[in-house]
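Protein chains: 2
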Amino acid sequence: MEATVREMDGGVAAAAGFVAAGVACGIKRDGRLDLALLHCPGGAVAAGVFTRNEVVAAPVVLARGRVPARDVRAVVINSGCANACTGGAGMAAAEAVVAAVATALGCAPEQVLPASTGVIGDPLPVKRLTAGLPAVVAGLGASGATAFADAILTTDTRRKEAAVEVELAGGRVRIGGCCKGSGMIHPNMATMLAVVTTDAQLDPATCQTLLSTVVATTFNRISVDGDTSTNDTLYLLASGSSGVAVSGEEDLVRLAAGLARVCGSLALQIVADGEGATKLATVQVTGGRDGLQVERVAAAICRSPLVKTALFGQDANWGRIVAAAGAVGAGITPETTRLWLDDLLLFAEGVGTGAGRSPAAAAAMHAHDLTLRLDLGQGEACATYWTCDLSFDYVRINAEYRT
Amino acid sequence: MEATVREMDGGVAAAAGFVAAGVACGIKRDGRLDLALLHCPGGAVAAGVFTRNEVVAAPVVLARGRVPARDVRAVVINSGCANACTGGAGMAAAEAVVAAVATALGCAPEQVLPASTGVIGDPLPVKRLTAGLPAVVAGLGASGATAFADAILTTDTRRKEAAVEVELAGGRVRIGGCCKGSGMIHPNMATMLAVVTTDAQLDPATCQTLLSTVVATTFNRISVDGDTSTNDTLYLLASGSSGVAVSGEEDLVRLAAGLARVCGSLALQIVADGEGATKLATVQVTGGRDGLQVERVAAAICRSPLVKTALFGQDANWGRIVAAAGAVGAGITPETTRLWLDDLLLFAEGVGTGAGRSPAAAAAMHAHDLTLRLDLGQGEACATYWTCDLSFDYVRINAEYRT
Numbered sequence: 020m021e022a023t024v025r026e027m028d029g030g031v032a033a034a035a036g037f038v039a040a041g042v043a044c045g046i047k048r049d050g051r052l053d054l055a056l057l058h059c060p061g062g063a064v065a066a067g068v069f070t071r072n073e074v075v076a077a078p079v080v081l082a083r084g085r086v087p088a089r090d091v092r093a094v095v096i097n098s099g100c101a102n103a104c105t106g107g108a109g110m111a112a113a114e115a116v117v118a119a120v121a122t123a124l125g126c127a128p129e130q131v132l133p134a135s136t137g138v139i140g141d142p143l144p145v146k147r148l149t150a151g152l153p154a155v156v157a158g159l160g161a162s163g164a165t166a167f168a169d170a171i172l173t174t175d176t177r178r179k180e181a182a183v184e185v186e187l188a189g190g191r192v193r194i195g196g197c198c199k200g201s202g203m204i205h206p207n208m209a210t211m212l213a214v215v216t217t218d219a220q221l222d223p224a225t226c227q228t229l230l231s232t233v234v235a236t237t238f239n240r241i242s243v244d245g246d247t248s249t250n251d252t253l254y255l256l257a258s259g260s261s262g263v264a265v266s267g268e269e270d271l272v273r274l275a276a277g278l279a280r281v282c283g284s285l286a287l288q289i290v291a292d293g294e295g296a297t298k299l300a301t302v303q304v305t306g307g308r309d310g311l312q313v314e315r316v317a318a319a320i321c322r323s324p325l326v327k328t329a330l331f332g333q334d335a336n337w338g339r340i341v342a343a344a345g346a347v348g349a350g351i352t353p354e355t356t357r358l359w360l361d362d363l364l365l366f367a368e369g370v371g372t373g374a375g376r377s378p379a380a381a382a383a384m385h386a387h388d389l390t391l392r393l394d395l396g397q398g399e400a401c402a403t404y405w406t407c408d409l410s411f412d413y414v415r416i417n418a419e420y421r422t
Numbered sequence: 020m021e022a023t024v025r026e027m028d029g030g031v032a033a034a035a036g037f038v039a040a041g042v043a044c045g046i047k048r049d050g051r052l053d054l055a056l057l058h059c060p061g062g063a064v065a066a067g068v069f070t071r072n073e074v075v076a077a078p079v080v081l082a083r084g085r086v087p088a089r090d091v092r093a094v095v096i097n098s099g100c101a102n103a104c105t106g107g108a109g110m111a112a113a114e115a116v117v118a119a120v121a122t123a124l125g126c127a128p129e130q131v132l133p134a135s136t137g138v139i140g141d142p143l144p145v146k147r148l149t150a151g152l153p154a155v156v157a158g159l160g161a162s163g164a165t166a167f168a169d170a171i172l173t174t175d176t177r178r179k180e181a182a183v184e185v186e187l188a189g190g191r192v193r194i195g196g197c198c199k200g201s202g203m204i205h206p207n208m209a210t211m212l213a214v215v216t217t218d219a220q221l222d223p224a225t226c227q228t229l230l231s232t233v234v235a236t237t238f239n240r241i242s243v244d245g246d247t248s249t250n251d252t253l254y255l256l257a258s259g260s261s262g263v264a265v266s267g268e269e270d271l272v273r274l275a276a277g278l279a280r281v282c283g284s285l286a287l288q289i290v291a292d293g294e295g296a297t298k299l300a301t302v303q304v305t306g307g308r309d310g311l312q313v314e315r316v317a318a319a320i321c322r323s324p325l326v327k328t329a330l331f332g333q334d335a336n337w338g339r340i341v342a343a344a345g346a347v348g349a350g351i352t353p354e355t356t357r358l359w360l361d362d363l364l365l366f367a368e369g370v371g372t373g374a375g376r377s378p379a380a381a382a383a384m385h386a387h388d389l390t391l392r393l394d395l396g397q398g399e400a401c402a403t404y405w406t407c408d409l410s411f412d413y414v415r416i417n418a419e420y421r422t
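In structure tokens, the structure reads:
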């Protein structure tokens with residue numbers, strides 16, 4: 020399968036049939052890009068995955084009733100304002116933006132999917148947004164994908180894009196996308212947005228199934244318990260512009276592998292750019308009784324502030340990792356549990372091996388990327404999650420964010 | 020009931036029948052007190068509540084099989100080493116310490132309850148502990164309660180004691196105690212120890228029932244999901260030295276109220292001394308369908324790093340509070356939910372009231388103590404939790420802890 024998926028440069032316009040742009044319309048006070056538009060002139064099949072928070076932003080309410088769908092023409096995203104907890108006025112604002120985009124592009128409002136990200140509770144500055152529309156429409160092009168990717172960022176320190184080519188039975192298709200998300204130190208407040216496009220021909224049901232399946236092992240592996248922010252949104256749009264249909268199960272498997280590569284890369288880029296992050300830790304839990312057990316243990320380790328501060332302190336404090344795994348009530352047994360830092364066995368048969376204070380452990384903790392593997396010794400299930408450390412800068416960024 | 024419970028000074032020796040002491044035996048490298056001994060020469064009924072972590076320290080394994088019990092003579096606690104994840108050697112070390120204390124006090128090992136706190140994984144320095152025993156036994160006295168309270172601390176910045184007098188039908192009894200715990204910014208790793216004593220006459224079953232009941236609304240209200248460290252231990256010892264028996268339900272209610280006052284005070288002292296804490300926030304969730312719902316919502320707000328960093332930043336960022344409440348899947352409905360900061364209504368009918376950016380809100384956020392009240396508008400259930408903020412110093416303390 021590997022040979023059928025090849026990485027390439029690009030983002031939301033890597034696939035044929037899409038053009039994009041990003042401009043500054045004045046929502047962010049510092050003049051950074053804050054209005055992003057993706058256009059699919061020929062129409063696209065669209066699927067979406069949304070936050071499971073019980074408090075949802077107006078654009079999420081609007082959009083989740085509209086996908087899966089055929090003939091979607093555009094995605095409009097603003098950063099700098101979440102349009103969440105804004106009531107009826109917020110719904111009207113989201114509808115006004117969508118209507119203005121539809122007018123500008125000559126389609127129906129139902130063919131435009133919205134998303135927003137930023138501070139909760141502030142009213143959406145609709146006039147600034149609509150005033151910025153002529154410029155963003157004028158900028159639409161394949162080369163505008165970069166500005167699109169920039170315009171959806173908030174506290175992110177860098178653009179996040181990924182793209183692949185996939186060889187199907189009927190020919191070559193492309194999948195590309197971008198995302199934003201940086202408050203991932205505690206992934207339950209990810210405030211993540213992502214847009215992925217492909218030029219494969221897909222029907223709405225297949226598009227939605229592919230997306231929902233791939234999310235489980237990519238974006239949801241950097242999240243905990245399905246907890247989410249008010250605005251989390253992930254779109255997959257399929258233009259069909261390659262002329263290549265998905266025929267048979269082998270094609271589906273290949274397309275899913277390509278989509279997983281793109282979503283996995285975007286998810287890892289989010290963790291690596293976590294607010295204040297200085298480390299990227301891969302947390303593998305193996306030897307579990309079932310999938311639920313290994314997922315709960317991995318998520319518990321990834322969200323533990325004591326584990327995360329130990330990562331920041333570059334301290335191979337394995338006791339905190341074992342304690343975090345034990346605290347979640349997933350039925351682990353210390354005497355069968357083993358913990359590795361990269362290739363170093365730190366804990367086995369209920370006790371430390373002594374390697375935790377070795378020079379090799381110190382060297383491993385000083386690297387930017389490291390792997391923690393916890394084998395539960397109970398069965399065959401495994402799961403891989405990703406997390407970053409908890410640093411001074413995480414506190415600074417989130418204490419200063421709104422002020 | 021209020022008049023029947025009066026606060027007084029003192030700790031574990033405020034109740035008759037108990038003497039205590041604390042010394043430095045060299046487990047902590049900086050010469051601070053690290054060995055604490057409580058002695059009840061006449062014997063005491065004892066109850067205990069322990070961590071629910073699946074990875075438990077040797078002293079917890081030893082002790083939880085021994086309570087509830089009659090004729091307990093001593094509690095021995097060391098700080099500086101958790102004796103957790105230490106296997107068979109750790110069990111032998113805990114047993115050796117208990118045996119040495121029993122010899123020194125002239126009782127059986129089964130009459131001695133142990134507890135430990137500190138770094139996970141290091142071997143317990145038994146020789147230092149037993150070498151320190153003569154000094155700590157020689158120091159036993161009512162005035163030694165202060166040194167006892169100091170000797171159980173780790174990253175705590177101050178001693179934590181509380182005591183009350185309770186008027187029962189048959190006369191006056193006293194309840195007093197102390198605790199340690201500072202890593203409570205994320206309460207699931209509380210590493211909490213507490214010892215409470217009373218001179219009331221109690222049978223073991225009543226003693227255990229009282230303790231387990233009171234824990235639910237005190238120490239567990241600063242904890243989340245029942246998550247716990249490897250070493251959490253809370254003992255209640257009743258010497259009966261007052262000669263006052265508990266007779267009838269009214270006495271039980273009064274004694275429970277007194278115990279709740281002591282445990283509640285100790286729990287609040289832990290939050291207020293949370294690692295790096297600059298704020299003490301009371302989180303009340305009212306108007307819930309049932310107790311489970313309000314507890315889940317309150318715990319979610321208390322553990323949210325985005326809420327905690329907003330507290331540190333003194334920012335009335337109510338959107339983060341509402342989003343944290345919505346993320347936990349407890350069935351909240353934004354349109355019936357209202358949020359107050361002290362007396363300021365910040366959120367109602369699904370939108371912000373505008374008060375979040377007022378000078379009054381800024382003033383409330385600048386105070387050390389503040390109350391967040393979230394009314395779910397669904398019923399009558401309520402719960403009160405406590406939390407502190409997430410500051411630079413939390414990260415510093417936990418990044419540097421072991422190194």
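Chains as they are written, first to last, in our numbering: chain A, 20 to 422; chain B, 20 to 422. Cβ atoms here follow ideal geometry from the backbone N, Cα and C, with glycine treated the same way.
Round the Cβ separation of residue i and residue j to the nearest angstrom and send it over; I've been treating them as touching at under 8 Å.
{"i": "T390/B", "j": "Q303/B", "result": "7 Å"}
{"i": "G310/A", "j": "L395/A", "result": "That belief does not hold up - the Cβ atoms of G310/A and L395/A are roughly 12 Å apart, past 8 Å."}
{"i": "K47/A", "j": "G99/A", "result": "4 Å"}
{"i": "K179/B", "j": "I289/B", "result": "7 Å"}
{"i": "V64/A", "j": "C226/A", "result": "5 Å"}
So what's residue i in DSSP terms, helix, strand or just coil?
{"i": "I204/A", "result": "Because the pLDDT at I204/A is just 45, under 50, the model does not fix this residue reliably, and the value given afterwards should be weighed accordingly. Residue state, collapsed to three classes: coil."}
{"i": "S266/B", "result": "coil"}
{"i": "N417/B", "result": "helix"}
{"i": "V302/A", "result": "strand"}
{"i": "V185/B", "result": "strand"}
{"i": "L52/B", "result": "coil"}
{"i": "T105/A", "result": "strand"}
{"i": "K146/B", "result": "helix"}
{"i": "V86/B", "result": "coil"}
{"i": "L152/B", "result": "helix"}
{"i": "S231/A", "result": "helix"}
{"i": "A43/A", "result": "coil"}
{"i": "W405/A", "result": "strand"}
{"i": "D141/A", "result": "coil"}
{"i": "D175/B", "result": "coil"}
{"i": "E294/B", "result": "coil"}
{"i": "F438/B", "result": "Absent from the model: residue 438/B. The displayed extent of chain B is 20 to 422, so no value can be given."}
Does any heavy atom of the ligand ADP sit closer than 6 Å to the C-beta of residue i?
{"i": "H58/B", "result": "The model on display carries no ligand, and the ligand ADP is accordingly not part of it."}
**Request:** Anything in the stretch 93-117 of chain B with a Cβ closer than 9 Å to a Cβ of chain A? List those residues in chain order, please.
**Result:** Listed by position along the chain: A101, A103, C104, T105, G106, G107, A108, G109.
**Request:** Quick one: which residues of the stretch 407-419 of chain A get their C-beta closer than 7 Å to a C-beta of chain B? List them in chain order.
**Result:** For the stretch 407-419 of chain A, which is checked against every Cβ of chain B, the residues closer than 7 Å are L409, S410, F411, V414, N417, A418, E419.
**Prompt:** Touching or not, the stretch 108-126 of chain A and the stretch 80-98 of chain A, by the rule of three or more beta carbon pairs under 8 Å?
**Reply:** Because the criterion of three Cβ pairs below 8 Å is met, the stretch 108-126 of chain A and the stretch 80-98 of chain A touch.
**Prompt:** Given 8 Å as the limit, is there contact between the stretch 48-61 of chain A and the stretch 160-172 of chain A, that is, 3 or more CB pairs closer than that?
**Reply:** Touching, yes.
**Prompt:** Given a limit of 7 Å on CB to CB distance, which residues of the stretch 141-161 of chain B reach chain A?
**Reply:** Along the stretch 141-161 of chain B, there is no position whose C-beta sits under 7 Å from a C-beta of chain A.
**Prompt:** Of all the residues that make up the stretch 60-78 of chain A, which are near chain B by a beta-carbon distance shorter than 9 Å?
**Reply:** So the list reads T70, R71, N72, E73, V74, V75, given in the order they occur along the chain.
**Message:** Quick check: the stretch 360-374 of chain B against the stretch 268-283 of chain B, are at least 3 beta-carbon pairs closer than 8 Å?
**Reply:** Too few Cβ pairs lie closer than 8 Å, so no.
**Prompt:** Do the stretch 215-229 of chain A and the stretch 258-266 of chain A meet, that is, are 3 or more Cβ pairs less than 8 Å apart?
**Reply:** A contact exists between the stretch 215-229 of chain A and the stretch 258-266 of chain A.
**Message:** For the structure I just gave you, are there three or more beta carbon pairs, one from the stretch 66-84 of chain B and one from the stretch 30-43 of chain B, closer than 8 Å?
**Reply:** Counting Cβ pairs under 8 Å, fewer than three are found: no touch.
**Message:** Would the stretch 336-344 of chain B count as touching the stretch 314-327 of chain B if we require 3 or more Cβ pairs under 8 Å?
**Reply:** By the Cβ rule, the stretch 336-344 of chain B counts as touching the stretch 314-327 of chain B, because three or more pairs are nearer than 8 Å.
**Request:** Could you please tell me which residues of the stretch 258-291 of chain B, in chain order, have their CB closer than 9 Å to any CB of chain A?
**Result:** Residues passing the 9 Å Cβ filter: none.
**Prompt:** Is there contact here, the stretch 128-147 of chain A with the stretch 402-412 of chain B, by at least three beta-carbon pairs under 8 Å?
**Reply:** The stretch 128-147 of chain A vs the stretch 402-412 of chain B: no contact.
**Request:** Check distances from the C-beta atoms of the stretch 122-143 of chain A to those of chain B and list, in chain order, the residues that come in under 7 Å.
**Result:** For the stretch 122-143 of chain A, which is checked against every Cβ of chain B, the residues closer than 7 Å are V138, I139, G140.
**Request:** Determine which residues of the stretch 348-364 of chain B have a Cβ less than 9 Å from any Cβ of chain A, and write them out in chain order.
**Result:** Only G348, A349, G350, I351, T352, P353, E354, T356 from the stretch 348-364 of chain B bring a Cβ to less than 9 Å from some Cβ of chain A.
**Prompt:** Which of the residues in the stretch 374-400 of chain B, read from start to end, lie with their CB under 8 Å from any CB of chain A?
**Reply:** Under the 8 Å Cβ criterion, the stretch 374-400 of chain B contributes G375.
**Request:** Pair every Cβ in the stretch 39-46 of chain B with every Cβ in the stretch 150-164 of chain B, then say whether three or more of these pairs are closer than 8 Å.
**Result:** With a cut-off of 8 Å on Cβ pairs, the stretch 39-46 of chain B is in contact with the stretch 150-164 of chain B, counting three or more such pairs.
**Prompt:** Quick one: complete alpha helix (DSSP H) runs, 4+ long, within the stretch 309-377 of chain B?
**Reply:** Considered as a whole, the stretch 309-377 of chain B harbours 310-322, 324-331, 337-345 as its complete alpha helix (DSSP H) runs of no fewer than 4 residues, in chain order.
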